[in-house]
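Heads up, the thing below is written out as C-alpha cells.
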Amino acid sequence: MKRRSALIGAGAAVGLPWLAPSHASARSHANEVRVTEDDVHELKEAAADLDAIDQRFGGDRLWRTARSHLMWVQHLIDEGTYPEEIEQELHQIAGQLTTSLGWFCYDANRQDEARIYFSEALNTALLEGNLPLATRTLSNMARQSVDLNKPREAVRFAKLASQHAASWSAPPRVTALLAIRAAQGYARLGDELNASTAIKRAWRAFDRGPSDRDPQWVTFLNEAELVCLEGMCRSDLGQNRRAVRLLERSSTLQDIEHSRNRGMCLARLATAAVQDSDLDRSVSAARESLRLIDGGQSSTRNRRQLAVVRENLEPYAKRNGQARDTIELLNLHIA
C-alpha cells in the first residue's frame, strides 16, 4: 500500500491530484487485509503530508481528505491482520489524524465538528496513555477556544496541556507553544500581567532551541510564528502600535511553507494597523493577504479575519480611495 493509495475516496480533493483512487480499493474489499510496517510508514507519511499542506494552503480543502484517510485507518484497525506492535502504531496514527482533522475543521470554520474531533482525540489519548497526543490536542483546543471567545477555557486547556507535557518531559519547543497558547487566552481576557508573563516564558523556552525530540506537530513554531502569536496577543490587549511592529516583522520572516500562517499574520496586521490609524499599512497588508488567497490558500479562518479588516476600513471609505478600493477587493474575495 503506497501513500497515494492509502487515502481511499479522496481523489476528488481539489488541488491534491496525488490522492486519486488506486488498487488499494480492491485490497480493502478482500477477505484479508494484511498490514505491514511498510504500510504503517506510508500511512504516517500521508498524515504528515496533510499537516504540511495545511500549513501552506489551509484546511478548507483538507478536512474531507483527512476524514477519508481516518476512515481507512479505522478500517484497517477493525478488519486488518497485523501483529500487536502494528496495532499500537495504527491507533497512534488514528489519534494523530483525529486531532489533525479537528484542526482542519477549525480552520475551515466548522467549529462544532472540530470540537467533536478534538474531544474524540483527547479521549483516545487519555485511554491509551498517549501523553504527546493529549498535549497536542489540548493545545489545538486552546487555540480554538480563543477564536470562539472562550478565553478562560483556552487558559484551562493550555494549563492541562502543560501538565501532560511535564509528564513526558516535553522538549522546550512544546513548552513554548503551550506558554503562548496560555498567553493568547490571557490576552483575550485583557489580563496584561499574565499574558506578558506567559509570553516571556514562551520566548525563554523557544530560545533554548530545537531538539531531536521535537514532535512533528510543533515544528511550525518557528521565529516568525512566535513573533506573530505575540503580536496577536498585543493586538488583543489593545497595544496596537506594538502589535503592528511585531506582525510586520513576522510577515517578513515567514517562509513559503507556512503561507497560511503568514496570511493570518497579514490579516491581523491589517486589523492592528487600521486600529492604530495607519491606513496605508493596513491596506498594504490586506492586499498582500488577498494575494495569498489568489495563490491557492483556502482558509476560512483567514477570510473571517479579513472580514474584520473590511469592517474596520468601512468608516474611512468615503474619504480615502485606497480604503474604498481595498473594501471592494475584499468584497470580491470574502462575500
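Per the working numbering, the very first residue in the sequence shown carries number 78; after that it's consecutive. From the three backbone atoms N, C-alpha and C, an ideal C-beta is built for every residue, glycine too.
To the nearest whole angstrom, what separates the beta carbons of residue i and residue j, a pair I think is in contact under 8 Å?
i, j, result
"A202", "G157", "No, A202 and G157 are not in contact; Cβ-Cβ is about 22 Å, not under 8 Å."
"A219", "A235", "4 Å"
"Q261", "V223", "5 Å"
"V295", "L254", "6 Å"
"K121", "I170", "6 Å"
Per DSSP, which residues does residue i bridge with? Please list them.
i, result
"T158", "R111"
How would you call residue i, buried or exposed, if buried means at least 16 neighbouring beta carbons within 10 angstroms?
i, result
"K395", "exposed"
"R285", "exposed"
"R316", "Residue 316 is actually Gln in this sequence, not Arg. With 16 or more other Cβ atoms within 10 Å, it is buried."
"D115", "exposed"
"T348", "buried"
"G92", "Reliability of the predicted coordinates at G92 is poor, the pLDDT of 40 falling under 50, and no value is obtained from them."
"H241", "buried"
"S246", "exposed"
"Q374", "buried"
"S354", "exposed"
"L139", "buried"
"I404", "buried"
"S216", "buried"
"L346", "buried"
"P248", "buried"
"S288", "exposed"
"H118", "exposed"
"Q188", "exposed"
"T329", "exposed"
"L204", "exposed"
"L270", "exposed"
"D402", "exposed"
Verify whether the separation of the beta carbon atoms of residue i and residue j is less than 8 Å.
i, j, result
"A272", "L314", "yes"
"G340", "L324", "no"
"R337", "D137", "no"
"A320", "V386", "no"
"V360", "Q331", "no"
"L167", "A143", "no"
"Y183", "Q221", "yes"
"Y194", "T212", "no"
"A363", "L409", "no"
"R378", "N226", "no"
"S366", "G135", "no"
"R250", "D291", "yes"
"A275", "I257", "yes"
"L147", "L178", "yes"
"A301", "S327", "yes"
"T214", "A198", "yes"
"L266", "R229", "yes"
"V112", "I163", "yes"
"I333", "R380", "no"
"Q352", "N397", "no"
"Q293", "A123", "no"
Along the chain, where does the alpha helix (DSSP H) containing residue i start, and where does it finish?
i, result
"E197", "Q188 to E205"
"Q352", "S336 to Q352"
"V385", "T377 to L390"
"K277", "E269 to F283"
"G398", "G398 to I411"
"D313", "E300 to D313"
"V251", "P249 to L266"
"K236", "P228 to S244"
"Q331", "Where Q331 is concerned, there is no enclosing alpha helix (DSSP H), given that its DSSP letter is neither H nor E."
"R290", "Unbroken run through R290: none, as it is neither H nor E."
"V223", "L208 to D224"
"V360", "L356 to D371"
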